[in-house]
Amino acid sequence: MCGIAGAFSTSQPMPELSRLVGTVVNSQLARGPDHQAVVELPQPTGQLVLGHNRLSIIDLSEHSNQPLWDHSGRYCIVFNGEIYNYLELRAELQAQGHRFQTQGDTEVILEAYKAWGPAAWERFIGMFAFALLDTQAGQLWLVRDRFGVKPLFYLMRDGVLAFASSSEALARHFGLSPNLEYVSRGLFYYVYEDDSDITPYEGLHALPAGHHACVRLNRPSLEPRPYYDLKSRVEQKIQALRGLQEKDLLEELEATLHSAVQLRLRSDVPLAISLSGGLDSSLVAALAAQQHERVVGFCYGHPQAPRSEGPLAQELAQKAGIDVHFVWPELSKERLVQAFEKTLAAQEAPFPTLSILAQNFVYQAARSEGYKVLLGGQGGDEGFMGYRKFFLFQLRYLLAQKQYLELAGFAVGLAQLLSAEMYKLGLFWQNRQRYLGGPAQGSLRLPSVRLALGTNHRQAPWLRQMLDVTRYSLPTLLRYEDRNSMGHSIESRLPFLDYRVLELGLALPVHLKLRHGYGKWALRQVARGKIPESIRTARYKRGFDVTQGWLAAGLGSHLQEQIQAAKPVLREVLDPSLNLAQTYSPAQMQRHPRRLAEAISLVWLARKLQ
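Mapping the sequence shown onto my numbering, position 220 (from 1) lands on 677, and the numbers just tick up by one.
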């Protein structure tokens, strides 16, 4: 897990490109504090500079420092991520006669490309963003993993192609303005990232997930092309599963999950689990405990705080034999403000809720205890219909298909679910417009954005589920995860985002995902006997339980003061008639989540519009 950077130009001098890449590498220090490098690589057609920040996880020796060359001296790479099945690929390549100089996974990418060309990417089980140089062909490949776990930004401006793992330094160097559409859609829909190339800055692009681009250095241009098609892969999986009994499907799911966790336990440094007290992370922890002699977890909560995740995490610890560190700090105004500012800087973009701060606290605690790798449960909801909206989507689908017998049984389960989460109905109602196609609304003057988060009721439910993976949910959550973890020099590993797990989850019949008022039914069956029943059979969803008291304790007044002080800078997005002190008072932000999201966005914008 690292940071990468690079710049190429047919016209700009090498020292200028080196300064740019050096600035980016310095800005990405948290992504790779173990080794940094900026290397000038003159090419026949222009000047190329590659930069790297290394977080040493596999093969801790200096031999795996980057940029890394193959033994022939033709190929060079800077790589961010992990190839979890590198040992299997290495053995296969060695059987074909390939030689290796290191024990790491980075060199496996180089040799895999030499063996299979761009088809190598689909052999990788992992998360990755890399730039691979072929000096003989005069080509530079930019590649991003299937689901966009690892970021990769790029732009072409002033005769320079530049790329990096982070957006901030590139935006600052090229004088880019904040992208107000990005802010607007995030405020109303909670969708910042998606399957397009949108980023927090105008003129800066994200290489879309599952895409690669081959830059020919004699005529540099960048045209991303997909190398992975989730829809066709799931369609093939659906055909392969057809006719299998439920028992067989559950056995395949358990075996696939077991493999996904097992591969992600490969590490030359200590690793731990990020625990939420929910089904997904608990199942990951339990599977890890079956394969690892000592599993340590980090949970935002406390065993004696009943409204936190602590009590459930404590139950899991006792059942699975996991040593849990509880993160439940006493927060003064000074510490809250410091935590907010660090989180905002790490995210490099606005965020809508304070749960992002709580996630940051978990990574901070893990790093302070010496851990560099954390496994987590991200992706389980998207892969196995864990969100409540899927019950309504399925209800509409059954009605449209006139499957009345199945509809009757499904409605009973839905009633049980609603009864368990009656206290959240008001929140669900407030968010209904996000799924009804209404335009983004609010107090700020931002571009009008309209996203279709709902579903075509005649469309197979898994197709809408797939959009949560590629567009409406997972990409934004992965941004929070990546920036918070890397902000503390921690690699986050997500077994549910193993493409084998995700493809299987989408391909499973709906009745193995939604049943008896439960989402993620199949996962609950796999978890039987492995985690406490209080977690396995819970119908309610619990995220980070962050007390809104943080606003009253001083964070609210900090946000309010920041907005007031930046009023002249923010005039482009503020309604002149708006009473800022009243609209963004701590009480208003505590009462109306939308006000809090706007306040965080305004604080971020104020620092980018100056």
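Note that beta-carbon positions come from the ideal geometry of N, C-alpha and C, so glycine has one too.
- Under the 8 Å Cβ criterion, the segment 710–718 does not count as touching the segment 681–700, having fewer than three qualifying pairs.
- For residue 637, the enclosing alpha helix (DSSP H) covers residues 637–646.
- Closest by C-alpha distance to residue 464, out of 508, 484, 491, 490, is 508.
- In the three-state reduction of the DSSP assignment, residue 469 falls in the coil class, being assigned neither a helical nor a strand state.
- Around the Cβ of residue 945, a 10 Å sphere holds 16 or more other Cβ atoms; the residue is buried.
- Taking a C-beta distance under 8 Å as the contact criterion, residue 678 and residue 665 do not qualify as a contact pair.
- For residue 923, the enclosing alpha helix (DSSP H) starts and ends at 918–924.
- Our two residues, residue 540 and residue 513, have alpha carbons roughly 14 Å apart in a direct line.
- In the DSSP assignment, residue 958 falls within the alpha helix (DSSP H) that extends over 956–964.
- Within the same chain, 932, 933, 936 come within 6 Å of residue 650 by CB-CB distance, once the 5 residues on both sides are set aside.
- For a cut-off of 8 Å, the C-beta gap from residue 906 to residue 638 is around 6 Å, short enough to register as a contact.
- In chain order, 794 place their CB closer than 6 Å to the CB of residue 1015, counting only its own chain and leaving out the 5 sequence neighbours on each side.
- Here residue 707 has 979, 982, 983 as same chain residues with Cβ atoms under 7 Å from its own Cβ, once five neighbours each way along the sequence are excluded.
- In this structure residue 977 is buried. Its beta-carbon is surrounded by 16 or more other beta-carbon atoms within 10 angstroms.
- Per the Cβ contact rule, the segment 806–815 is not in contact with the segment 916–926 (fewer than 3 Cβ pairs under 8 Å).
- Residue 568 sits buried, since 16 or more C-beta atoms from the chains shown fall within 10 Å of its C-beta.
- Under DSSP, residue 536 shares a beta bridge with 587.
- Distance from the CA atom of residue 553 to the CA atom of residue 542, rounded to whole angstroms, is 17 Å.
- Residue 785 sits in coil when the DSSP states are folded into three classes, being neither helix nor strand.
- As DSSP reads the structure, residue 493 sits in a beta bridge with 510.
- Using a Cβ-Cβ distance cut-off of 8 Å, the segment 817–836 and the segment 940–960 are in contact, since at least three pairs of beta carbons, one from each stretch, lie closer than that value.
- Annotation: the continuous alpha helix (DSSP H) that includes residue 823 extends over 812–825.
- Sequence-distant Cβ neighbours of residue 502 in its own chain, meaning closer than 8 Å and more than five residues away, are 467, 595, 674, 675.
- The Cβ atoms of residue 481 and residue 493 lie no closer than 8 Å to each other.
- The shortest CA-to-CA distance from residue 755 to any of 769, 729, 775, 743 is the one to 729.
- The three-state reading of DSSP puts residue 779 in coil, since its state is none of H, G, I, E or B.
- Per DSSP, the unbroken alpha helix (DSSP H) holding residue 546 starts and ends at 543–552.
- Using a Cβ distance threshold of 8 Å, residue 658 and residue 579 do not count as a contacting pair.
- Between the beta-carbon of residue 669 and that of residue 598 there is about 6 Å, and that keeps the pair under the 8 Å contact cut.
- Per DSSP, reduced to three states, the secondary structure at residue 484 is helical.
- A direct Cα-Cα distance of roughly 25 Å separates residue 784 from residue 489.
- Following the DSSP letters along the chain, one finds residue 949 inside the beta strand (DSSP E) bounded by residues 948–950.
- Just so you know, the alpha carbons of residue 969 and residue 992 end up roughly 18 Å apart.
- In the DSSP assignment, residue 744 falls within the alpha helix (DSSP H) that extends over 736–748.
- Straight-line spacing of the CA atoms in residue 850 and residue 917 works out to 10 Å.
- Within the DSSP bridge table, the entry for residue 830 names 728, 948 as partners.
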